[in-house]
Ligand SMILES: [Zn+2]
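In this note's numbering, the protein residues as written are 248 to 316.
Pasting the structure below:
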């Protein structure tokens, strides 16, 4: 179990209530840190997670880019 220290109180980190902002559109969305850090590269400050819509858009753009080659 891990905690956040906030105003001298320890807040348990609930895996179902962890959020981040999408680096592309700015939408606040829930993330599963277990899934995000499954590759073993744990960087809490340097990791960005796209929202569902932007993930789909990025995948479509990557696919289109490979088809253009
Ligand atoms: Zn987004």
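Each residue gets a CB set at the ideal place from its N, CA and C atoms; glycine is no exception.
Residue 292 is classed as exposed because its beta carbon has fewer than 16 other beta carbons within 10 Å across all chains shown. With respect to the 7 Å criterion, residue 267 and residue 296 are classified as neighbours on the basis of their beta carbons. Distances from the CB of residue 271 to the heavy atoms of ligand 1 include at least one below 6 Å.
Its Cα nearest to that of residue 270, the residue 305 stands out among 252, 305 and 310.
Scanning the segment 273–300 for uninterrupted beta strand (DSSP E) segments of 3 residues or longer gives 275–277, listed from N- to C-terminal end.
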